[in-house]
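The listed protein sequences derive, respectively, from chains A and B.
Per the numbering used here, residue 106 is the first one in the first sequence, and the count goes up by one each step.
Per the numbering used here, residue 106 is the first one in the second sequence, and the count goes up by one each step.
Note that the Cβ used here is the ideal one computed from N, Cα and C, for glycine as well.
So the structure is just underneath, and the comments pick up after that.
2 protein chains.
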Amino acid sequence: MIDASIRGVSALPTATRTRSRRLPTKQQLDTWRAFIETTEELRSALAARLQAESGLSPSDYAVLLALHDAADHCVRSSVLATTIGWQRSRLSHHLGRMERRGLIDRQECSTDSRGAEIVLTPTGHAAFRRATVPHLRAIRELFVDALSPDQLEAVQDVTAALRARSGVCSAAGRH
Amino acid sequence: MIDASIRGVSALPTATRTRSRRLPTKQQLDTWRAFIETTEELRSALAARLQAESGLSPSDYAVLLALHDAADHCVRSSVLATTIGWQRSRLSHHLGRMERRGLIDRQECSTDSRGAEIVLTPTGHAAFRRATVPHLRAIRELFVDALSPDQLEAVQDVTAALRARSGVCSAAGRH
DNA sequence: ATCAACTGATTGACGTGTCAGTCATATTCC
DNA sequence: GGAATATGACTGACACGTCAATCAGTTGAT
Numbered sequence: 106m107i108d109a110s111i112r113g114v115s116a117l118p119t120a121t122r123t124r125s126r127r128l129p130t131k132q133q134l135d136t137w138r139a140f141i142e143t144t145e146e147l148r149s150a151l152a153a154r155l156q157a158e159s160g161l162s163p164s165d166y167a168v169l170l171a172l173h174d175a176a177d178h179c180v181r182s183s184v185l186a187t188t189i190g191w192q193r194s195r196l197s198h199h200l201g202r203m204e205r206r207g208l209i210d211r212q213e214c215s216t217d218s219r220g221a222e223i224v225l226t227p228t229g230h231a232a233f234r235r236a237t238v239p240h241l242r243a244i245r246e247l248f249v250d251a252l253s254p255d256q257l258e259a260v261q262d263v264t265a266a267l268r269a270r271s272g273v274c275s276a277a278g279r280h
Numbered sequence: 106m107i108d109a110s111i112r113g114v115s116a117l118p119t120a121t122r123t124r125s126r127r128l129p130t131k132q133q134l135d136t137w138r139a140f141i142e143t144t145e146e147l148r149s150a151l152a153a154r155l156q157a158e159s160g161l162s163p164s165d166y167a168v169l170l171a172l173h174d175a176a177d178h179c180v181r182s183s184v185l186a187t188t189i190g191w192q193r194s195r196l197s198h199h200l201g202r203m204e205r206r207g208l209i210d211r212q213e214c215s216t217d218s219r220g221a222e223i224v225l226t227p228t229g230h231a232a233f234r235r236a237t238v239p240h241l242r243a244i245r246e247l248f249v250d251a252l253s254p255d256q257l258e259a260v261q262d263v264t265a266a267l268r269a270r271s272g273v274c275s276a277a278g279r280h
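Here's what the structure looks like:
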């Protein structure tokens with residue numbers, strides 16, 4: 106969980122002050138470390154709650170949500186992949202596991218016989234309904250309620266800035 | 106921390122209990138979503154750079170860093186596990202893979218014959234040295250330089266607030 | 001109509017992480 | 001000293017994700 110790949114700055118060559126070679130200061134690294142560890146903790150705390158309350162992983166939830174939002178609770182596999190921003194093979198593997206658990210069903214596509222249509226089973230629908238309110242509540246408790254309105258605004262500000270920088274090719278979002 | 110875990114739902118005033126059923130607003134969910142997606146993007150962008158520049162995963166780097174910081178580049182396996190905050194089995198598996206790649210070596214412990222001492226090999230040391238500066242530079246480029254001083258401060262503020270909240274839950278179930 | 005190129009989806013191999021043991025050695029208590 | 005217990009580390013089974021390959025079906029050029 107904890108990403109320790111940030112620590113141990115003790116032996117930094119502070120001599121090089123060239124612009125592009127500049128390295129983060131100790132304090133900046135501390136901020137980075139706190140940031141990356143906190144987000145990881147938050148993510149895993151939420152995953153643990155979701156699992157405990159509904160037996161679903163975040164990935165399961167993402168798939169069920171996309172299916173639930175779709176008309177007829179039925180989506181082409183490729184569409185599903187782009188909707189939740191996954192690679193096809195990942196989706197294929199995950200759908201196999203979810204199918205084995207009876208959460209979804211695969212059907213042949215009428216318009217393109219290569220295609221697969223993914224359908225929400227009654228079991229899958231029930232699992233999603235059971236999961237959704239507690240999950241949203243957990244998000245509120247662990248994230249929203251932990252922050253003041255100002256802090257929430259700061260989060261939006263910071264994420265936008267980070268995206269602008271690293272999201273060189275920030276397409277329609279992933280995950 | 107003790108009083109926090111004792112604070113139970115039954116002892117809460119009515120207003121708070123009503124509040125506990127409220128769900129996040131659409132805007133709050135958007136903020137959450139942006140937050141979680143951006144951190145994930147940042148994490149994976151950094152991992153990709155580390156991998157490309159040094160052939161190491163963030164996990165590899167964490168292990169090598171802890172070993173590098175240790176006296177004689179040699180640490181007891183259990184100490185290593187707590188240092189980087191991993192479960193023992195995870196570390197054991199990962200060390201097996203790193204040993205196969207020649208990055209580390211396992212030796213018998215002199216003081217406790219159940220124990221194992223993990224040693225940095227020359228190969229591992231070289232890989233770590235090759236990885237460090239580019240990795241820190243990537244952190245600066247993708248995180249530090251993307252944010253203003255005010256924003257960096259806001260990050261610290263927000264992470265502290267999140268930790269204070271979720272720490273209530275994770276304190277019980279950690280390690 | 002045919003063949004090459006493309007596309008939708010799955011598969012296999014492999015690295016990774018978790019959980020529940022297992023085994024050998026240390027420690028504790030009588 | 002010797003049984004009960006605790007500890008350090010490893011293992012096996014399994015879920016998960018990525019990459020490269022595969023396969024069947026579709027499209028496009030000639």
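### Query
At a Cβ cut of 9 Å, what residues of the stretch 142-160 of chain A count as close to chain B, listed as they run along the chain?
Glu-142, Thr-143, Thr-144, Glu-145, Glu-146, Leu-147, Arg-148, Ser-149, Ala-150, Leu-151, Ala-153 and Arg-154
### Query
Ordered along the chain, which non-local residues of its own chain (more than five positions away) have a Cβ less than 7 Å from that of Arg-235/B?
Counted from its first residue, the second sequence places residue 235/B at position 130. Taken in chain order, the residues that qualify are Ser-159.
### Message
Within the continuous beta strand (DSSP E) that includes Gln-192/B, where are the two ends?
### Response
For the purposes of this step, residue 192/B is identified with residue 87 of the second sequence, where counting begins at 1. Here Gln-192/B belongs to no beta strand (DSSP E), and DSSP marks it neither H nor E.
### Query
Who are Asp-210/B's beta bridge partners in DSSP?
Here residue 210/B is taken as the residue at index 105 of the second sequence, counted from 1. For Asp-210/B, which the question treats as bridged, DSSP gives the partners Val-224/B.
### Query
Exposed or buried, what is Val-238/A when buried is set at 16 or more other beta-carbons lying within 10 Å of its beta-carbon?
Locating residue 238/A in the first sequence gives position 133, counting from the first residue. It counts as exposed.
### Task
Report the rounded CA-to-CA distance for Ile-244/B versus Ala-269/A, giving the unit in angstroms.
Walking along the second sequence from the start, residue 244/B turns up at place 139. Walking along the first sequence from the start, residue 269/A turns up at place 164. C-alpha separation (whole angstroms): 15 Å.
### Query
With burial defined as no fewer than 16 other Cβ atoms inside 10 Å of the residue's Cβ, what is the status of His-240/A: buried or exposed?
As a position in the first sequence, residue 240/A is number 135, starting the count at 1. Buried, because 16 or more other Cβ atoms sit within 10 Å of the Cβ of His-240/A.
#### Entry: Proximal residues to Ala-167/B (C-beta, below 7 Å), its chain only, five neighbours per side dropped
Along the second sequence, one-based indexing puts residue 167/B at 62. So the qualifying residues of the chain are Ile-189.
### Task
Rounded to whole angstroms, what's the CA-CA distance from Glu-222/B to Thr-143/B? Just pull it up for me.
Your numbering for residue 222/B matches position 117 in the second sequence. Your numbering for residue 143/B matches position 38 in the second sequence. Rounded to the nearest angstrom, the two C-alpha atoms are 38 Å apart.
### Message
Using only the alpha-carbon positions, how far apart do Val-224/B and Arg-195/B sit?
### Response
To locate residue 224/B, count along the second sequence from 1; it is residue 119. To locate residue 195/B, count along the second sequence from 1; it is residue 90. Rounded to whole angstroms, Val-224/B to Arg-195/B spans 18 Å at the Cα level.
### Message
Under 8 Å, CB to CB, which of the residues in the stretch 256-273 of chain A have a partner in chain B?
### Response
Gln-256, Leu-257, Ala-259, Val-260, Gln-261, Asp-262, Val-263, Thr-264, Ala-265, Ala-266, Leu-267, Arg-268, Ala-269, Arg-270, Ser-271 and Gly-272
### Message
Output needed for Arg-219/B: all residues of its chain with C-beta closer than 8 Å, excluding positions within five of it in sequence on either side, in chain order.
### Response
For the purposes of this step, residue 219/B is identified with residue 114 of the second sequence, where counting begins at 1. For Arg-219/B, where only same-chain residues beyond five positions count, there are no Cβ hits under 8 Å.
### Query
Nearest-angstrom Cα distance between Leu-252/B and Glu-246/A?
Reading the second sequence from its first residue, position 147 is the one you call residue 252/B. Reading the first sequence from its first residue, position 141 is the one you call residue 246/A. If you take the alpha carbons of Leu-252/B and Glu-246/A, they lie about 27 Å apart.
#### Entry: Test: Trp-137/A CB closer than 8 Å to a CB of chain B
Translated into the one-based positions of the first sequence, residue 137/A becomes position 32. Interface residue, yes.
### Message
Is the beta carbon of Asp-174/A closer than 8 Å to that of Leu-208/A?
### Response
The count along the first sequence starts at 1 and reaches residue 208/A at position 103. The count along the first sequence starts at 1 and reaches residue 174/A at position 69. Contact flag unset, no.
### Query
If we ignore side chains and look at the alpha-carbon of each, how far apart do Asp-262/B and Asp-135/B end up?
Numbered from its first residue, the second sequence carries residue 262/B at position 157. Numbered from its first residue, the second sequence carries residue 135/B at position 30. Each residue's alpha carbon lies about 20 Å from the other.
### Test: Pro-227/B CB closer than 8 Å to a CB of chain A
Mapped onto the second sequence, residue 227/B falls at position 122. Pro-227/B does not count as touching chain A.
### Task
With 9 Å as the C-beta to C-beta threshold (strictly closer), list the residues of the stretch 230-253 of chain A near chain B in chain order.
Val-238, Leu-241, Arg-242, Ile-244, Arg-245, Glu-246, Leu-247, Phe-248, Val-249, Asp-250, Ala-251, Leu-252 and Ser-253
### Task
Return no unless some Cβ of chain B is closer than 8 Å to the Cβ of Arg-282/A.
Any question about residue 282/A goes unanswered here, given that chain A covers just 106 to 280.
### Query
Rounded to a whole number of angstroms, what is the C-alpha to C-alpha distance between Arg-138/A and Arg-193/A?
Walking along the first sequence from the start, residue 138/A turns up at place 33. Walking along the first sequence from the start, residue 193/A turns up at place 88. So the two alpha carbons sit approximately 32 Å from each other.
### Span separating the alpha-carbon of Cys-179/A from that of Met-203/A
Position 74 of the first sequence, counting from 1, holds the residue named residue 179/A. Position 98 of the first sequence, counting from 1, holds the residue named residue 203/A. Going by the C-alpha atoms only, they are around 15 Å apart.
### Query
When the Cα atoms are used, what is the spatial distance from Leu-169/A to Trp-191/B?
Taking the first residue of the first sequence as 1, we reach residue 169/A at position 64. Taking the first residue of the second sequence as 1, we reach residue 191/B at position 86. About 31 Å.
### Query
With respect to the beta strand (DSSP E) encompassing Arg-181/A, which residues constitute its N-terminal and C-terminal limits?
Indexing the first sequence from 1 puts residue 181/A at position 76. Note, Arg-181/A: beta strand (DSSP E), 179-181.
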